[in-house]
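Structure first, commentary second.
Protein chains: 4
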Amino acid sequence: MIRVGLLGAGRIGRIHGGNVAGSGKARLVAVADAVPEAAQALAQQFGAKTADVDAIVGATDIDAVLICSPTDTHADLIEASVKAGKAVFCEKPVDLSSARIRDCLAIVEACGKPLMIGFNRRFDPSFAEAERRIRAGEIGAVEMVTILSRDPSPPPPSYVARSGGLFRDMMIHDLDMARFLLGEEPVEVHAVGACLVDPGIGEAGDVDTAAVLLKTVSGKIAQISNSRRATYGYDQRFEVHGSKGMVRAQNVPLTTVEIATEAGFRTDPALPFFLERYAQAYRAEFAHFLDAVETGRSPSPSGQDGLKAQLLADAATEAHRTGRPVRLGG
Amino acid sequence: MIRVGLLGAGRIGRIHGGNVAGSGKARLVAVADAVPEAAQALAQQFGAKTADVDAIVGATDIDAVLICSPTDTHADLIEASVKAGKAVFCEKPVDLSSARIRDCLAIVEACGKPLMIGFNRRFDPSFAEAERRIRAGEIGAVEMVTILSRDPSPPPPSYVARSGGLFRDMMIHDLDMARFLLGEEPVEVHAVGACLVDPGIGEAGDVDTAAVLLKTVSGKIAQISNSRRATYGYDQRFEVHGSKGMVRAQNVPLTTVEIATEAGFRTDPALPFFLERYAQAYRAEFAHFLDAVETGRSPSPSGQDGLKAQLLADAATEAHRTGRPVRLGG
Amino acid sequence: MIRVGLLGAGRIGRIHGGNVAGSGKARLVAVADAVPEAAQALAQQFGAKTADVDAIVGATDIDAVLICSPTDTHADLIEASVKAGKAVFCEKPVDLSSARIRDCLAIVEACGKPLMIGFNRRFDPSFAEAERRIRAGEIGAVEMVTILSRDPSPPPPSYVARSGGLFRDMMIHDLDMARFLLGEEPVEVHAVGACLVDPGIGEAGDVDTAAVLLKTVSGKIAQISNSRRATYGYDQRFEVHGSKGMVRAQNVPLTTVEIATEAGFRTDPALPFFLERYAQAYRAEFAHFLDAVETGRSPSPSGQDGLKAQLLADAATEAHRTGRPVRLGG
Amino acid sequence: MIRVGLLGAGRIGRIHGGNVAGSGKARLVAVADAVPEAAQALAQQFGAKTADVDAIVGATDIDAVLICSPTDTHADLIEASVKAGKAVFCEKPVDLSSARIRDCLAIVEACGKPLMIGFNRRFDPSFAEAERRIRAGEIGAVEMVTILSRDPSPPPPSYVARSGGLFRDMMIHDLDMARFLLGEEPVEVHAVGACLVDPGIGEAGDVDTAAVLLKTVSGKIAQISNSRRATYGYDQRFEVHGSKGMVRAQNVPLTTVEIATEAGFRTDPALPFFLERYAQAYRAEFAHFLDAVETGRSPSPSGQDGLKAQLLADAATEAHRTGRPVRLGG
């Protein structure tokens with residue numbers, strides 16, 4: 001049994017907390033949260049205790065910490081945790097500053113402890129299976145990747161103002177998926193964006209609708225589109241074209257019911273948001289982390305994956321700001 | 001160029017008339033119809049002449065006749081045509097009486113001229129391809145066939161009264177498809193029926209909703225369901241289960257447009273009725289007839305196929321009437 | 001917290017045991033099984049104790065029992081449990097003998113304790129939603145129900161010999177679904193069956209492929225087909241036609257991945273078997289039972305539902321045996 | 001009856017020739033082609049005569065000409081035809097030079113005769129229906145358009161060298177569709193391209209894989225991707241997102257057959273190429289032209305539509321060449 005401490009008992013913390021208990025291989029030992037009631041409720045549910053962050057990071061009866069606290073605490077907590085000998089799972093991103101990420105990863109490397117970044121989508125059963133088939137050669141050499149990601153509704157402008165902007169807050173997941181699917185680093189980033197959903201987002205200095213074009217050294221192309229609006233559920237799809245064919249992963253409908261009337265054939269909307277859509281992904285993600293901790297293998301996505309996605313998000317932000325493509329080292 | 005005479009210029013006659021011209025291998029020479037204006041209009045459209053039925057049957061410059069006249073004239077016209085040395089294509093059925101069909105087929109056989117019966121569905125591109133894959137062994141040994149056929153709306157009760165009843169008028173197509181797909185003769189027929197769509201049909205002594213269970217000697221099973229009502233287009237589907245898998249043929253939607261809103265995902269209704277759904281089938285059917293005439297090979301479905309479907313329709317009618325299954329010789 | 005005793009820690013018992021713990025509203029108190037290790041393992045996993053059947057049935061600190069033991073113990077355990085004041089959830093069937101079921105239900109009624117029968121399919125999210133829409137009138141008056149149910153592979157002939165036969169062992173679920181969807185009692189049952197999958201099943205006196213036709217008093221029709229073989233996953237579907245349209249519930253694929261090559265477009269097989277397909281159904285089923293216990297409302301499906309499905313299975317067995325339809329009181 | 005002269009009896013000329021005859025409202029009078037046999041064959045098939053180009057353009061018994069000759073003859077033939085009082089349908093493009101197109105359109109305008117450009121895709125039944133629903137407001141205000149177009153196999157490099165490049169030769173159709181669907185002029189064009197399919201295309205100075213990002217003044221975004229390779233049929237799809245939902249138009253499969261085995265569920269490839277996919281579109285396109293000629297209404301797409309698509313193709317070519325976005329007047 002791997003003994004787990006949880007830092008942060010908010011929405012995402014509660015998901016991971018439940019998955020610890022459900023894994024059959026780990027035990028939730030302690031929970032910390034700035035809101036004591038939140039920590040208390042989660043701890044009770046799974047027979048854990050509450051503690052403050054420092055106590056969990058320093059505890060000798062804890063093997064691994066899950067960092068689910070606000071973004072601006074991630075890098076510090078990662079550093080403290082690896083220094084204390086803990087294996088670390090951290091929600092994305094390590095930091096909004098890529099310089100800060102680099103410093104943090106240097107310390108992680110020096111400590112030699114595993115760090116896994118929570119790009120949950122890689123563990124979606126459909127996305128993971130599609131990637132597996134690509135790597136198995138079923139569509140030949142990858143040529144073009146198209147990723148679509150639309151939230152059901154926009155976040156409040158107050159959130160947007162602190163988020164780092166759509167490219168760093170939302171599209172970073174898709175940029176990670178692009179790397180995952182392309183199997184090659186993008187070296188050229190074009191971006192367009194607009195504020196079409198909520199004028200308040202524009203007033204907060206951000207966009208709510210955006211598209212990016214990526215190109216790799218060998219000429220592979222990726223298209224990403226994002227919107228803060230989708231009426232028919234949380235829209236998360238991609239399709240990948242290769243020399244021998246195409247593979248795509250679709251949304252999951254609420255049910256498989258289909259109704260036919262004079263108006264035609266109607267099926268259900270997609271699952272409403274990430275909690276429903278990625279419930280299985282979160283379980284598989286945590287299982288992968290546990291497996292890495294048990295076996296000593298490096299977890300994936302790694303801290304470097306977190307850094308590279310952040311650099312692409314920075315490049316997209318810059319490309320959008322200047323209206324000109326950004327070239328990267330690759 | 002095969003020279004064709006057309007007996008009957010109604011709805012189905014006009015379809016075949018157009019397909020003669022479009023075939024590139026046949027020429028429409030003469031058209032007969034009880035309504036002179038109908039014959040005239042169709043003849044003009046394709047550069048043919050009008051003539052009476054006897055003149056067409058007896059013409060020396062005509063190689064083949066297409067019988068698209070009312071059902072009660074079919075057997076007589078088949079006999080007259082084969083006696084006059086013509087190749088014959090006849091819309092189903094040869095007759096509502098199986099005794100009359102047997103007599104007619106005996107004369108056809110004695111004359112040695114080709115007779116093809118218009119079970120158009122065998123030539124639907126999807127249905128034909130499904131059958132081809134079954135025969136190619138893609139689903140292994142056939143075990144169960146399920147056929148569904150629903151008209152968009154009921155015919156007038158006056159039509160129903162003269163039709164021979166739903167099993168002979170409508171389900172006969174599905175009974176032919178069951179034979180086509182099973183690859184074996186049914187020997188047991190169970191039937192249930194009800195009048196759920198139009199009480200006038202019940203008053204005319206018929207049902208508008210029915211289902212049949214068939215079983216062959218080797219134990220293969222077929223399910224057929226019929227209704228005189230479908231709100232979402234003409235519904236014509238089947239699925240066939242075998243030892244290695246399943247093959248099915250679906251409806252064709254009006255367009256491939258899909259719309260997604262809060263109400264879910266909506267696609268188009270199926271094509272509205274047989275003229276649209278089976279337009280390609282009618283062309284392929286006529287091409288097959290022409291090919292048989294040219295090569296001297298026996299056309300299929302044959303007169304015997306027409307007889308066997310009729311005997312199954314008779315059995316279903318009887319099974320429904322008595323509430324007890326009917327056994328057939330197979 | 002409702003305190004639950006579990007009788008039977010086999011495959012289905014373990015599912016229900018896990019759902020007790022996961023419900024958040026009930027606690028697993030004690031587990032009994034003829035195999036002590038099975039009871040022990042399940043009890044430990046959820047912090048329960050082991051006990052023998054009589055102790056659980058008679059315990060004063062247990063509110064409800066879940067009967068997941070072999071079929072031939074169900075009726076006795078139901079009777080003992082309701083006499084001891086317990087609410088009872090029992091896996092289907094109450095008994096293979098409808099006379100025994102009637103006696104048992106009389107005792108249940110006399111004791112006035114809730115009894116729910118485990119027809120899990122009614123709680124499948126897609127099936128339940130389809131039924132909800134039917135009852136809401138979205139397809140108008142129901143006219144025809146078609147249910148298809150295919151297991152991935154046949155059980156061993158030794159199992160078949162004790163099972164009561166395909167109609168009672170397998171099709172009973174579909175007969176219950178037919179009642180659920182028709183909203184009316186069938187009064188006429190036609191059946192055909194064959195042994196096409198495993199000759200050993202035939203030697204054990206049973207069929208492995210079967211189809212049934214049902215008709216209700218008002219003329220509604222249901223078609224059911226069963227097979228002990230499906231290569232492409234566990235096949236569980238239905239479609240229901242009404243005066244205004246059609247509703248259907250489809251299978252759930254392993255993933256939403258689609259691959260396109262020269263061979264066409266390929267999607268995943270269906271979920272492999274009932275544990276995967278009905279995982280959500282079992283959770284919803286238990287939640288319904290808990291809700292009934294808490295509120296005092298009668299659970300559904302009831303003991304009477306269990307009896308009526310059994311009577312239909314008896315009728316289908318008889319119809320198949322005699323080759324003649326069986327009429328029921330309705 | 002509108003009397004039609006056909007200039008060019010190649011692949012596309014034969015399609016239009018057949019549609020003239022099939023329209024029921026027009027008659028093919030004369031056919032010209034540099035290859036006399038081609039003109040002769042087509043003329044015979046439809047009872048027309050052959051003539052040289054000048055004779056057809058100048059004929060007094062011809063109302064409309066269809067220009068299906070090589071691209072470098074289009075502008076001259078348009079000018080000569082409108083000067084001679086003919087209504088003109090011209091295959092895209094008017095010319096590879098936008099300056100030449102402007103000059104030509106000035107003459108067309110001066111002559112006051114109708115000119116329609118053959119962007120056939122606007123008339124695809126699914127594409128046209130999707131656009132109709134967008135204009136009817138079914139998805140609210142358009143926000144993002146994604147168009148995908150993949151040819152089954154690359155053209156020979158010799159063709160590519162004379163084609164004006166992928167953006168002018170192939171993507172011009174998608175650029176026209178983007179304008180059609182956006183309902184607004186793009187003002188910003190980003191492009192990436194690569195040679196991934198056939199090195200010979202790269203040696204000929206072109207790309208075979210490309211993607212473009214467009215943005216309109218109001219911030220609407222379009223993504224287009226093209227490839228000269230698709231193994232699963234001719235791939236022509238789009239999806240359009242708006243404030244209230246999404247509409248998409250899919251490919252048309254060869255048949256509706258679906259086969260299920262241990263490998264999953266498999267459906268047919270898409271129709272193989274444009275002749276099959278756009279057969280209905282060509283008929284509808286010609287019907288629209290005839291209707292414009294009869295009624296005197298301006299046909300659409302117009303010469304200006306042809307010019308605007310060409311300017312976008314020029315911009316994409318330039319954006320790809322320089323690696324920097326191109327701004328347009330809008």
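Going down the list, the sequences are from chains A, B, C and D. Going by this note's numbering, the letters in the first sequence line up with residues 1 to 330, in that order. Going by this note's numbering, the letters in the second sequence line up with residues 1 to 330, in that order. Going by this note's numbering, the letters in the third sequence line up with residues 1 to 330, in that order. Going by this note's numbering, the letters in the fourth sequence line up with residues 1 to 330, in that order. Glycine residues also receive a C-beta, built at the ideal position from the N, C-alpha and C atoms.
Tell me where the beta strand (DSSP E) around residue i begins and ends.
i	result
T261(B)	257-261
R266(C)	264-267
F238(C)	235-242
R248(A)	246-249
L105(D)	L105(D) -> not in any beta strand (DSSP E); alpha helix (DSSP H) instead, spanning 98-111.
Assuming residue i is part of the alpha helix (DSSP H), what are its boundary residues?
i	result
V293(D)	279-295
K92(C)	Note, K92(C): premise wrong, no alpha helix (DSSP H); not H, not E.
R179(B)	171-182
L77(D)	74-83
P125(A)	125-135
E185(A)	Taken as a continuous stretch (DSSP letters only), E185(A) belongs to no alpha helix (DSSP H), as it is neither H nor E.
N19(B)	11-23
E37(D)	36-45
G306(A)	303-322
Note down the Cα distance separating residue i from residue j, rounded to an integer number of angstroms.
i	j	result
I201(A)	M144(A)	31 Å
A59(C)	G22(A)	29 Å
P155(C)	D235(B)	36 Å
A128(C)	G18(B)	49 Å
Q45(A)	R277(A)	23 Å
I78(D)	C104(D)	7 Å
K113(B)	V31(B)	21 Å
I101(D)	L307(D)	6 Å
V331(C)	A316(C)	The structure shown has nothing for residue 331(C), since chain C only spans 1 to 330.
R327(A)	A222(A)	15 Å
P152(B)	A38(D)	46 Å
H288(A)	K215(C)	53 Å
For residue i, which residues of its own chain have a beta-carbon under 7 Å away from its beta-carbon, when the five flanking residues on both sides are left out?
i	result
A313(C)	F167, R168, M171, I172, L175
G164(A)	L96
G233(A)	P152, N251, P269, A270, L271, P272
So, for residue i: in the same chain, excluding its five sequence neighbours on each side, which residues have a beta-carbon less than 8 Å away from its beta-carbon?
i	result
H320(A)	F167, A191, V192, G193, V207, A210
I134(B)	V142, L181, G183, V240, G242, V247
By Cβ distance below 6 Å, which residues in the same chain neighbour residue i in space, the five residues on each side in sequence not counted?
i	result
K244(B)	I139, G140
S149(B)	D174, N226, Q236
What residues are listed by DSSP as bridge partners for residue i?
i	result
P253(D)	A270(D)
Taking beta-carbon pairs under 8 Å, can you tell me which members of the region 236-264 of chain B lie near chain C? H241, S243, K244, G245, M246
With 8 Å as the C-beta to C-beta threshold (strictly closer), list the residues of the region 121-146 of chain A near chain C in chain order. Those would be P125, S126, E129, A130, R133, E138, I139, in chain order.
Residues of the region 316-328 of chain B with Cβ closer than 8 Å to any Cβ of chain C, in chain order: G323, R324, P325
What residues in the region 158-182 of chain D bring their beta carbon closer than 9 Å to a beta carbon of chain G? Here chain G cannot be found, since the structure's protein chains are A, B, C and D.
Relative to chain D, which residues along the region 222-233 of chain C have a C-beta separation below 8 Å, given in chain order? T231, Y232
With 9 Å as the C-beta to C-beta threshold (strictly closer), list the residues of the region 266-281 of chain A near chain B in chain order. R266, T267, D268, P269, A270
When you check each C-beta in the region 185-203 of chain C against every C-beta of chain B, which residues fall closer than 9 Å? E188, H190, A191, V192, G193, A194, C195, L196, V197
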